[in-house]
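Numbering (this note's numbering), first residue to last: 8 to 387.
Note that the Cβ used here is the ideal one computed from N, Cα and C, for glycine as well.
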RNA sequence: GGAGGGAUAGCGAAGUGGCUAAACGCAACGGACUGUAAAUCCGUCCUCUUUCGAGUUCGAAGGUUCGAAUCCUUCUCCCUCCA
């Protein structure tokens with residue numbers, strides 16, 4: 008089948024599994040490895056499309072579940088699709104809603120046909136199935152849509168994980184069948200299996216035998232250590248086709264991005280940069296910097312002296328701190344701009360290092376300055 | 001001059017005999033955040049101590065009581081009303 012979303016592998020880094028490539032979508036072609044900012048409710052919180060483009064953002068993420076409940080996928084379809092609705096003319100990827108159903112619904116019932124759960128907005132009974140998720144995503148009209156999967160906790164029992172994974176495979180088949188817009192929307196499958204090597208490998212092979220436009224690795228960054236995550240990647244990415252995109256869902260710490268690229272991942276998404284930005288934490292070349300802290304009261308330096316973002320070119324730590332302390336809306340905007348730019352810039356550097364076959368040197372230099380310990384990064 | 005009300009920790013404000021080192025809010029300080037129910041959430045917040053704990057508090061001084069932020073006396077300051 009001819010896909011509307013295609014991956015071209017351009018180069019493999021000499022000493023690692025890192026890949027330099029291009030991801031072609033109906034709304035632009037993007038260099039990978041790439042980080043995708045998250046805009047769950049049809050907006051990357053606090054950012055305008057112009058600002059996102061200025062920082063080098065390519066594809067952004069949005070969410071089936073949230074937009075389905077509000078304002079409704081039919082309304083967005085009526086608006087002319089998600090791109091038109093939110094004034095974003097570059098790539099969009101919608102998550103299937105699987106993660107939301109499993110992460111925020113207390114009361115849910117997973118059945119073969121789909122999942123019964125309660126809306127987080129009003130508690131009303133809802134039902135989401137593979138077909139329903141694809142139908143909604145067809146209405147939303149993103150460039151890349153995701154298969155409806157179950158995302159169990161990493162340390163779920165082997166028996167549970169095994170039956171969950173085969174069900175996710177059956178759901179993947181149903182999603183492929185239900186998808187109607189093969190000319191304008193690529194569909195990605197999602198590999199699950201927790202930390203069980205045989206399940207991961209089997210699931211990757213099962214999905215690989217189906218004609219997806221790309222492949223995701225799901226069920227990570229859900230409570231496991233970084234080391235456990237890296238191990239999963241090491242035996243999972245080799246099972247995925249070389250000529251398709253590998254997407255690691257929900258990962259966004261600088262350390263994990265670098266380590267995952269080394270293990271053959273092409274694209275990422277994560278709420279982390281925008282969420283922590285709104286809470287006053289910034290990512291810098293020297294590690295995390297909590298700009299609200301009193302120590303920056305009279306610090307006239309930019310958040311990151313090595314950063315080229317709008318915030319760092321124009322504002323001091325002292326000023327941004329003041330904005331947070333006075334609860335001014337500009338504060339969260341400035342830190343969001345900075346954090347997103349920090350990650351897009353990091354990915355630019357990673358691509359350059361792959362091009363030059365010195366990714367390991369880059370990694371070492373990066374960690375030397377950034378520090379090896381991310382807050383709460385369980386590294387063993 | 002007369003009558004009444006009030007003074008509680010950085011600020012605001014509960015508390016009218018023991019369960020009060022003193023609710024709650026704000027400010028301040030620190031932490032968390034990974035396919036976004038998040039401009040959210042969690043701590044600390046009289047002093048000393050890592051903890052246990054010890055010490056000193058509710059305008060001031062004195063008194064009653066086994067025990068007082070809470071009751072009594074005097075004083076200081078603030079507010080309202082009447083002359």
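Residue closest to residue i, alpha-carbon to alpha-carbon, out of the options
i: residue 293; options: 281, 314, 280 and 284; result: 314
i: residue 194; options: 219, 170 and 208; result: 219
i: residue 248; options: 240, 234 and 222; result: 222
i: residue 245; options: 26, 232 and 334; result: 26
i: residue 67; options: 135, 55 and 142; result: 55
i: residue 12; options: 163, 347, 33 and 64; result: 33
i: residue 260; options: 209, 52, 233 and 108; result: 233
i: residue 62; options: 352, 154 and 47; result: 352
i: residue 40; options: 266, 78, 144 and 188; result: 266
i: residue 241; options: 258, 268, 215 and 216; result: 268
i: residue 364; options: 143, 379, 22 and 345; result: 22
i: residue 156; options: 145, 139, 81 and 297; result: 139
i: residue 20; options: 252, 359 and 226; result: 359
i: residue 97; options: 59, 119, 123 and 109; result: 59
i: residue 51; options: 154, 281, 113 and 302; result: 281
Contacting residues, own chain, Cβ-Cβ under 6 Å from residue i (five flanking each side not counted)
i: residue 306; result: 324 and 325
i: residue 86; result: 92
i: residue 295; result: 288
i: residue 311; result: 291, 292 and 319
i: residue 72; result: 104 and 107
i: residue 31; result: 13
i: residue 251; result: 14, 221 and 222
DSSP state of residue i mapped onto helix, strand, coil
i: residue 21; result: coil
i: residue 137; result: helix
i: residue 102; result: strand
i: residue 163; result: coil
i: residue 39; result: strand
i: residue 155; result: coil
i: residue 286; result: coil
i: residue 67; result: strand
i: residue 380; result: coil
Proximal residues to residue i (C-beta, below 7 Å), its chain only, five neighbours per side dropped
i: residue 89; result: 49, 69, 83, 99, 147, 148 and 149
i: residue 126; result: 76 and 133
Residues near residue i by beta carbon distance below 8 Å, same chain, minus five either side
i: residue 202; result: 161, 162, 231, 235, 238 and 239
i: residue 29; result: 14, 15, 17, 36, 37, 38 and 39
Classification of residue i by the beta-carbon crowding that lies within 10 angstroms, buried from 16 upward
i: residue 42; result: buried
* Whole runs of the beta strand (DSSP E) within the region 321-352, excluding any shorter than 3 residues -> Here no run is fully enclosed.
* **Length at least 3, wholly inside the region 244-284: the beta strand (DSSP E) runs in chain order** => 252-255 and 274-277
* To do: Kindly provide the ranges of any beta strand (DSSP E) runs that are 3 or more residues long and lie completely inside the region 170-228, ordered along the chain.
  => Those beta strand (DSSP E) runs which fall completely within the region 170-228 and span 3+ residues are 193-198 and 221-224.
* Minimum length 3: unbroken beta strand (DSSP E) runs contained in the region 70-119 -> The qualifying runs are 99-102 and 115-117.
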